[in-house]
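Chains as they are written, first to last, in the numbering used here: chain X, 2 to 397; chain F, 5 to 140. Glycine is no exception: its CB is placed at the ideal position from the N, C-alpha and C atoms.
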Amino acid sequence: MAIQDDFPILQRQVNGHRLIYLDNAATTQKPAVVIDAMNDYYTKHNANVHRAVHTLAGEATDGYEACRTSLKSWFSAERCILTSGTTEAINLAAHAWGHSQLKGKAIVLTEMEHHSDIVPWQMLAETFGNELRYVPVKEDFTLDMEAYEASIEGAGLVCVVHTSNVLGVRNPIEDIIRIAHENGARVLLDAAQGAPHCQINMSDLGADMMALSAHKMCGPTGIGCLLVNEETFQEMEPFMGGGDMIETVTLEGSTYQTNEHRFEAGTPRIAEAIGWNAALDYLAQLNLEDQHQRLLEIARSVAHELRSLGMTVYGRHDDKDSSVVSFLHPTLHSEDFAHLLDARGVAVRTGHHCAQPLLNRLGINGTVRASFYIYNTMTDAEEFIGHVQDIVERFA
Amino acid sequence: MTYPEQLSELIEDFKSIDDRMERLEYVFDLASEVNELPTSEWNDSTRINGCQSEAHVRVDVEDSHVHIYSGADSKLVQGLMGILTIAIDKQPVDMAQSLTPDFAVEMGILNSLSPSRSNGFRNMFDKVMNDLSEAE
């Protein structure tokens, strides 16, 4: 059975055409096993977690905690705090760790970061006066590593995107972490785009914190995690207060849990955790490395065809890069392209992709972005190129 | 509502198109209907705010008739301007001011567009009407 058959939404028609979904860097589609797992939870096991002694509560707790266990195993992480997504995970890092550990220290970011990995640090800097240093992106779409090395002295934290959501470029994370640690700085990886495409081993990499989202790897929206090594975890202080994160509460004060629950105040995302766990099980059946190579070949082919049609392609599609193809036509507006492709059943993303500093660096306002995932085929790519060609011939 | 003849014909043209792609492509074709506002004349006072693309319009009134000049870096947005041009250019001011954006709903074009583009059309319409009031 083909992978596409596992994804019910791919059977639908959009505007009278077969759906060709190429907006995977924004969110991926969900296989039936994920939808079924969430439906099964609400149908048979729904209850709140951690407190009650009844059977349903036990089943719900087991399902929720199984997701945490799977994530720790999948990414070789010491601690896993479940959040609403990558954005909340980075905000949590800024508040729970940054507020107490970054006073008087510089923070190194890159021009390639998603807004989610810029704004929380700008907000922190507004409060504590931290210096923010941005590593430039070079003409070849890679980070200026010399500038990075020059910026590291006195830094307490380096925040870097594992794989760019605009360019698909996979950054030299190993070197970035090594240089940071040699200079006494911690590293937070934004792995929202990297995690769906390759097996990231946090322990081997030596990253201190790593943020990612379920929905970009076949899981549901509304859940993600902050993975943390033990040393950093022990330095974190509670951010949000409320139910579930406490040990005891009296009118005089409260004491807090010492495990990950310390950072998960309130009723958590139980069905979403169960859905994410099902997504991890689903992906585990596939060979992600084989999929990565297949999708990269598709991306390279698409990039080549787009260039031959007169487009500027932003990215390089190196061996470890993701299958994202950002492009612009010299005269046809990116929004026009997206509308015309949508009318033909093709879903792509346009705009600044929540990475305005990067687009400013590239001297553009936005791109059309086609991003491929495990259910996309070379046939999808060929039909997409056919539609692009048709649009260029008719409207450019 | 009774529309000017050329606008009524355009509404009927759009109503006769069932296919979303054809309807969208027809909007693109109407980009050529605008009286071009050269980019050298684009400035803050001509800018249509709330559009995802760069879009500009200038409205003049001569002998109580509307003259509309416009341009955009998006062909789709310029096509929407083309529709507005067909609707009100060279028409008496009072007729233009009696229009509401509902004619675009009747055409079926707003539901062919993304919410942002649909809002962009309403912003465009509102700016033209405001400029018209000031130009009177």
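Check whether residue i and residue j have beta carbons under 7 Å apart
i	j	result
Q292/X	I375/X	yes
M85/F	V31/F	no
M210/X	A94/X	yes
V34/X	G276/X	no
S181/X	A107/X	Strictly speaking, residue 181/X in this sequence is Ala, with Ser absent from that position. No, these two residues do not count as a Cβ contact at 7 Å.
S324/X	T368/X	no
G339/X	H318/X	The sequence given here places Ala at residue 339/X; Gly does not occur at that position. No, the pair does not count as a contact, with Cβ atoms beyond the cut-off.
S372/X	A26/X	yes
V63/F	I72/F	yes
L72/X	T111/X	no
R345/X	H388/X	yes
Y283/X	P32/X	yes
R370/X	S327/X	yes
V159/X	N172/X	no
L41/F	G75/F	yes
Q258/X	E248/X	yes
T70/X	K217/X	no
L333/X	A397/X	yes
P221/X	A215/X	yes
T84/X	G225/X	yes
I91/X	P121/X	yes
G316/X	G169/X	yes
L190/X	A78/X	no
M2/F	I52/F	With chain F running from 5 to 140 in the structure shown, residue 2/F is simply not present.
S78/F	D7/X	no
A285/X	C219/X	no
A67/X	N278/X	yes
M133/F	F18/F	no
E261/X	R80/X	yes
G195/X	T233/X	no
E384/X	I21/X	yes
Residue i Cβ short of 6 Å to the ligand COA heavy atom set
i	result
Q10/F	Of the ligands one can find in the structure shown there are none, so the ligand COA has no counterpart to examine.
Closer than 7 Å at the beta carbon, the chain X residues around residue i
i	result
M25/F	N16, A344, R345
Identified DSSP bridge partners for residue i
i	result
E66/F	H69/F
N49/X	DSSP, once it has assigned bridges, lists no residue as partnering N49/X.
Y22/X	A348/X
V159/X	V109/X, V188/X
I82/X	L227/X
V38/F	Paired residues: none, contrary to the question.
P96/F	H69/F
Q14/X	R19/X
A76/F	A59/F
V138/X	L144/X
R171/X	T164/X
R51/F	H60/F
L133/X	I108/X
Listed by chain order, chain F residues near residue i by CB distance under 7 Å
i	result
F396/X	F32, K79
D337/X	S78, K79, L80
H334/X	S57, D77, S78, K79
C-beta neighbour in chain A for residue i, strict 7 Å
i	result
S57/F	Given the protein chain composition of this structure (X and F), no chain A is represented.
- Using a Cβ-Cβ cut-off of less than 7 Å, list which residues of the region 70-86 of chain F approach chain X; keep chain order. Closer than 7 Å at the C-beta level to chain X, one finds these residues of the region 70-86 of chain F: D77, S78, K79, L80.
- Task: Any chance you could list the alpha helix (DSSP H) runs of at least 4 consecutive residues sitting entirely within the region 308-393 of chain X, in chain order?
- Result: Within the region 308-393 of chain X, the complete alpha helix (DSSP H) runs of at least 4 residues are 335-343, 357-363.
- Message: Which runs of the alpha helix (DSSP H) at least 4 residues long sit entirely within the region 240-310 of chain X? Give them in chain order.
- Response: DSSP runs (the alpha helix (DSSP H)) wholly in the region 240-310 of chain X: 271-286, 289-309.
- Item | Contained beta strand (DSSP E) runs [length at least 3] in the region 178-245 of chain X, N- to C-terminal order | The qualifying runs are 187-191, 210-214, 225-229.
- What alpha helix (DSSP H) runs, 4 residues minimum, are completely inside the region 8-37 of chain F? The qualifying runs are 9-19, 24-33.
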